[in-house]
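A.B. asks:
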């Protein structure tokens, strides 16, 4: 694609997205869900200016970066804004500010001066910072919604694990690129039996331990799952060995079983998943309300602003997907899933086209991270998997999550720009 | 490395497809169940805005409707306790029951089906103001007649159309009036006679000799030759030291006569010869120990596996530990009337939208073949004999051949329950009936006349 066409594609998509935002606000108004449109329209205008500004900057800098991923993420953010406006209007100003901040950091990374490759050099420094962040959460963290994964910074609360996920992927990309030969040939023969060496199994055990620490000290089941899943995918991509995946899953199963027998809260989670109908008004309340919402939406949905998604507790963060599924039906819910699939598809394409091993691993790792997080929460609220409280990327309410996801997106843009995807 | 990325991408996409699949299951196949779930508060909040649709009988008479009185909405039930067990109730405090519960989303106009066949007619956008009407197969005049005939006695009467499974009347006594439920709630729940229980579909009773229809079906299916045999009945039978009396059925009896005079001796003996597995299998074919699919809650009939010869003999004559609902017995009888094919019982014939257009119509559903046509014909002949020259003579109607079977079911709660099951006309039957009167005495004397009047009323109306 020539430079002109690339950014023109982006511009066309943004026209659709901004129209969608306007229509969303209009239908909420028509459904009597919002009484006064002045504030929402002002915010919509700000968001539109932010997107257009970011787009123009990319154009000015003659960026050859992928023209699809930014609009796709922007579409999700707009869906998120509409849903927050519909579900908890008090929070919409905050979310808009976070969105603008996210896009600003995104553009800085996507079209800033530095090439992503400089990240390869200082891996031990920032993984140290990342671990320090996590440690501080464990020591000084506050508990929100059962997980002790928040740092209270006075004006706002910050969830370091969102950022640490990205730091970990950068670190692993660099580390695996450097050491992948060792991992690929990491078996020794003892009397004719292939036995994995310590070098081979070492990183696996470290990551496993790391995830368990998260699980035990933070009670953050979702984050542990995402960390470990992304790690397994990356080590597989680097080495092509299924044995990593299998032994990883085995280790995870052992860890999960241990936690199930050791910790009451894990038992509760699993039991809720297996049979929430035993305790509809008690422990199963949230997931049952989610299923009611999704089921009541049916094929076409009730229409924006016309359902009753507020019956679900924490609907604007963890359960925003259920609200969307109720009001836009199966058609809308599948459409949203397809947007995620498209973004993930572009992410893997960027990985395939990246010229260097580090870039390939980084793009693939970040994309996997996004994919697993989406699967964990969507699968959780529809009760396909046990529910773990994580955000739906770009859609759920929450600053740390939104900004971190735009950082992730910026990195993908940066990688794609270097390689003319 | 690129090949590995493609593999991971494949796994990710497969996981997303799994999610889409499960979401489709929830939003398409489970949607009705989740929306109608009693703990789902969505319908309740819709209730405030919408005029709930009417419930009509097959002749268009109103059984339930919502009216405005002094500016407030009120649900009225013109037939009160006569149809309370079918219409059920809807109450802010006590939830919903009966058809009001089963068809809540339809009555509130919230069903996908009611938005019409046009894909783009998204009627669900914006709440409807008026729900859909449902039209029942019930004829409320027959229902009233049966209700009145039971008098002060407790019991149930069910009448169905054998060829379709359409329920024409379903009475449960004592009944309750669905209006002003809040005022009577405590009394209804404390009442030892449990008026809220729909005895017709949920009451479990020993079937007594009416079960001999099933035993006979099993015997005739296995050994048709038995029709030519004769039995010397002593008027009692002793099994494993226990004596069961049978004084009206003495002497030399053919199979048909043994059935007509309800010989315990012959049927206990033949039932033991038939064996427990065969008896349970024929019961299963008649859907007796299975849960019948129905719009209202039903109890599942219980036929425990007999673990002694005595129990097997008792089961074969409808005594012992087996418990069945009147709905079970009427559907089994209707299967005999319908050449051995058992249909799914159904209450709702049609759904009408606000404009009065039919948006849904019942398609009768075959459940299974209980017996083949020949066996059904022999059973019919034997049942005609019961009414012509046997225990069921009080069910006879001038000019209309009636087939039936009486039952007088011993039970631990006092006098025996009076049963009658039957259908008419014997050829091309239009109606099958089951009547039970709790502690009512002899089936032939107490239950048969009620069945006769119900049958007459149905056939006369059909002309």
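Residue numbers (my numbering), protein chains in the order written: chain A, 2 to 422; chain B, 3 to 465.
Heads up, the beta-carbon is just placed ideally off N, CA and C, and yes, glycines get one too.
Here's the rule: buried if 16 or more other CB atoms are within 10 angstroms of the residue's CB, otherwise exposed. What is residue 125 of chain A?
C.D. replies: By 1-based counting over the first chain, the position of residue 125 of chain A is 124. Exposed, by the Cβ-count rule.
A.B. asks: Would residue 25 of chain B pass as a contact of residue 416 of chain A if the rule is Cβ separation under 7 Å?
C.D. replies: Translated into positions along the second chain, residue 25 of chain B becomes position 23. Translated into positions along the first chain, residue 416 of chain A becomes position 415. Cβ distance not < 7 Å, so residue 25 of chain B and residue 416 of chain A don't count as in contact.
A.B. asks: Is the Cβ of residue 353 of chain B closer than 7 Å to any Cβ of chain A?
C.D. replies: Reading the second chain from its first residue, position 351 is the one you call residue 353 of chain B. It does not; no Cβ of chain A falls within 7 Å.
A.B. asks: With residue 280 of chain A and residue 397 of chain A assumed to form a contact (beta carbons below 8 Å), what rounded beta-carbon distance in angstroms separates them?
C.D. replies: As a position in the first chain, residue 280 of chain A is number 279, starting the count at 1. As a position in the first chain, residue 397 of chain A is number 396, starting the count at 1. Actually they do not touch by this definition, with Cβ atoms about 26 Å apart.
A.B. asks: Note down, one range per segment and in chain order, each beta strand (DSSP E) of at least 3 residues found wholly within the stretch 349-376 of chain B.
C.D. replies: 350-354, 360-363, 368-371
A.B. asks: CA-CA distance, residue 362 of chain B and residue 161 of chain A?
C.D. replies: Here residue 362 of chain B refers to the residue found at position 360 when the second chain is read from its first residue. Here residue 161 of chain A refers to the residue found at position 160 when the first chain is read from its first residue. Each residue's Cα considered, the two are about 56 Å apart.
A.B. asks: Using a Cβ-Cβ distance under 7 Å, would residue 296 of chain A count as near chain B?
C.D. replies: On the first chain, position 295 is the one that residue 296 of chain A refers to. True, the Cβ-Cβ gap to chain B drops below 7 Å.
A.B. asks: Can you name the residues of chain B whose CB is closer than 8 Å to the CB of residue 237 of chain A?
C.D. replies: Walking along the first chain from the start, residue 237 of chain A turns up at place 236. Per Cβ cutoff of 8 Å: 6, 9, 10.
A.B. asks: For residue 120 of chain B, count neighbouring C-beta atoms within 10 Å of its own C-beta (all shown protein chains included) and say buried if the count is 16 or more, exposed if not.
C.D. replies: One-based indexing of the second chain puts residue 120 of chain B at position 118. For residue 120 of chain B, the predicted model reports a pLDDT of 41, less than 50, meaning its position is unreliable; a value from the coordinates is still stated below. When all chains shown are included, residue 120 of chain B counts as exposed.
A.B. asks: Can you give the Cα-Cα distance for residue 403 of chain B and residue 459 of chain B, rounded to whole angstroms?
C.D. replies: Taking the first residue of the second chain as 1, we reach residue 403 of chain B at position 401. Taking the first residue of the second chain as 1, we reach residue 459 of chain B at position 457. Going from the Cα of residue 403 of chain B to the Cα of residue 459 of chain B covers about 15 Å.
A.B. asks: Taking 7 Å as the threshold (beta carbon to beta carbon), is residue 109 of chain B in contact with chain A?
C.D. replies: On the second chain, position 107 is the one that residue 109 of chain B refers to. Residue 109 of chain B does not count as touching chain A.
A.B. asks: Are the beta-carbon atoms of residue 145 of chain B and residue 171 of chain B separated by less than 7 Å?
C.D. replies: In the second chain, residue 145 of chain B corresponds to position 143, counting from 1. In the second chain, residue 171 of chain B corresponds to position 169, counting from 1. Against a cut-off of 7 Å, the Cβ pair of residue 171 of chain B and residue 145 of chain B comes out as a contact.
A.B. asks: Out of curiosity, what's the CA-to-CA distance linking residue 257 of chain A and residue 136 of chain A?
C.D. replies: The residue you call residue 257 of chain A lines up with position 256 of the first chain. The residue you call residue 136 of chain A lines up with position 135 of the first chain. Those two C-alpha atoms are separated by around 22 Å.
A.B. asks: Given residue 223 of chain B, which residues of its chain have a CB within under 8 Å of its CB, disregarding the five upstream and five downstream residues?
C.D. replies: By 1-based counting over the second chain, the position of residue 223 of chain B is 221. The answer, listed in chain order, is 284, 373, 374, 377.
A.B. asks: Is it true that the CB of residue 102 of chain A sits closer than 7 Å to the CB of residue 404 of chain A?
C.D. replies: Within the first chain, the letter at position 403 stands for residue 404 of chain A. Within the first chain, the letter at position 101 stands for residue 102 of chain A. Their beta carbons are under 7 Å apart, which means residue 404 of chain A touches residue 102 of chain A by this criterion.
A.B. asks: Check whether the Cβ atoms of residue 329 of chain B and residue 160 of chain B lie closer than 7 Å to each other.
C.D. replies: On the second chain, position 327 is the one that residue 329 of chain B refers to. On the second chain, position 158 is the one that residue 160 of chain B refers to. Yes, the Cβ-Cβ distance between residue 329 of chain B and residue 160 of chain B is below 7 Å.
A.B. asks: Taking Cβ to Cβ, would you say residue 128 of chain A is nearer than 7 Å to residue 172 of chain A?
C.D. replies: Looking up residue 128 of chain A in the first chain gives position 127. Looking up residue 172 of chain A in the first chain gives position 171. For residue 128 of chain A and residue 172 of chain A, yes; Cβs fall inside 7 Å.
A.B. asks: For residue 153 of chain A, does the three-state DSSP call read helix, strand or coil?
C.D. replies: The sequence position of residue 153 of chain A within the first chain is 152, counting from 1. Reduced to three states, the DSSP call for residue 153 of chain A is strand.
A.B. asks: List, in order along the chain, the chain A residues whose C-beta lies closer than 7 Å to that of residue 39 of chain B?
C.D. replies: Working through the second chain from its first residue, we reach residue 39 of chain B at position 37. Result: 293.
A.B. asks: Would a C-beta distance cut-off of 7 Å place residue 194 of chain B and residue 176 of chain B closer than the cut-off?
C.D. replies: Locating residue 194 of chain B in the second chain gives position 192, counting from the first residue. Locating residue 176 of chain B in the second chain gives position 174, counting from the first residue. For residue 194 of chain B and residue 176 of chain B, no; Cβs fall outside 7 Å.
A.B. asks: Please classify residue 260 of chain B: is it buried, with 16 or more other beta-carbons within 10 angstroms of its beta-carbon, or exposed?
C.D. replies: Counted from its first residue, the second chain places residue 260 of chain B at position 258. Per the 10 Å Cβ criterion, buried.
A.B. asks: In angstroms with no decimal places, state the Cα-to-Cα distance between residue 235 of chain B and residue 228 of chain B.
C.D. replies: Reading the second chain from its first residue, position 233 is the one you call residue 235 of chain B. Reading the second chain from its first residue, position 226 is the one you call residue 228 of chain B. So the alpha carbons of these two residues sit roughly 15 Å apart.
A.B. asks: Which residue from B:208, B:19, B:289 puts its Cα closest to that of residue 370 of chain B?
C.D. replies: Along the second chain, read from residue 1 onward, the residue named residue 370 of chain B stands at position 368. For the residues B:208, B:19, B:289, the minimum Cα distance to residue 370 of chain B belongs to B:289.
A.B. asks: Buried or exposed: which applies to residue 250 of chain B, given that a residue is buried once 16 or more other Cβ atoms fall within 10 Å of its Cβ?
C.D. replies: Taking the first residue of the second chain as 1, we reach residue 250 of chain B at position 248. Residue 250 of chain B is exposed by the Cβ-count criterion.
A.B. asks: Taking all protein chains shown into account, do 16 or more other C-beta atoms lie within 10 angstroms of the C-beta of residue 341 of chain A, making it buried, or fewer, making it exposed?
C.D. replies: Residue mapping note: residue 341 of chain A aligns to position 340 of the first chain, counting from 1. Residue 341 of chain A comes out buried.
A.B. asks: Which class does residue 266 of chain A belong to by DSSP, given the choice of helix, strand or coil?
C.D. replies: Here the question's residue 266 of chain A lines up with position 265 in the first chain. Residue state, collapsed to three classes: helix.
A.B. asks: Applying a beta-carbon distance threshold of less than 8 Å, which residues of chain A neighbour residue 29 of chain B?
C.D. replies: As a first step, residue 29 of chain B must be located in the second chain, where it is residue number 27. Neighbours of residue 29 of chain B on chain A, chain order: 295, 296, 298, 299, 300, 326, 330, 331, 334.
A.B. asks: So residue 452 of chain B packs on residue 433 of chain B, CB below 8 Å; how close in whole Å?
C.D. replies: Counting from one through the second chain, the residue named residue 452 of chain B turns up at place 450. Counting from one through the second chain, the residue named residue 433 of chain B turns up at place 431. At roughly 13 Å, the Cβ-Cβ gap does not stay under 8 Å, so residue 452 of chain B and residue 433 of chain B are not in contact.
A.B. asks: Within 10 Å of its beta-carbon, does residue 265 of chain A have 16 or more other beta-carbons around it, so buried, or fewer, so exposed?
C.D. replies: Counting from 1 along the first chain, the entry for residue 265 of chain A is found at position 264. When all chains shown are included, residue 265 of chain A counts as exposed.
A.B. asks: Report all residues from its chain with a CB closer than 7 Å to the CB of residue 337 of chain A; omit the five preceding and five following residues, and keep chain order.
C.D. replies: Numbered from 1 along the first chain, position 336 holds the residue referred to as residue 337 of chain A. Once the five neighbours on either side are set aside, the close Cβ partners of residue 337 of chain A are 80, 325.
A.B. asks: Return helix, strand or coil for residue 280 of chain A, following the three-state DSSP convention.
C.D. replies: Here residue 280 of chain A corresponds to residue number 279 of the first chain, with the count starting at 1. Three-state DSSP puts residue 280 of chain A in a helix.
A.B. asks: Whose CA, out of A:119, A:76, A:214, A:144, lies closest to the CA of residue 132 of chain A?
C.D. replies: On the first chain, position 131 is the one that residue 132 of chain A refers to. Minimum Cα distance to residue 132 of chain A is reached at A:214.
A.B. asks: Are the stretch 270-287 of chain B and the stretch 301-319 of chain B touching, with three or more C-beta to C-beta distances below 8 Å?
C.D. replies: Yes, since at least three Cβ pairs between the stretch 270-287 of chain B and the stretch 301-319 of chain B fall closer than 8 Å, the two stretches touch.
A.B. asks: Is the CB-CB distance between residue 107 of chain B and residue 185 of chain B below 7 Å?
C.D. replies: Here residue 107 of chain B refers to the residue found at position 105 of the second chain. Here residue 185 of chain B refers to the residue found at position 183 of the second chain. No.
A.B. asks: With distances taken Cα to Cα, identify the nearest neighbour of residue 221 of chain A among A:144, A:313, A:237.
C.D. replies: Position 220 of the first chain, counted from the start, is the residue given in the question as residue 221 of chain A. Checked all of A:144, A:313, A:237; the closest Cα to residue 221 of chain A is A:144.
A.B. asks: Is any beta-carbon of chain A found at less than 7 Å from that of residue 94 of chain B?
C.D. replies: Against the second chain, residue 94 of chain B aligns to sequence position 92. So, not an interface residue.
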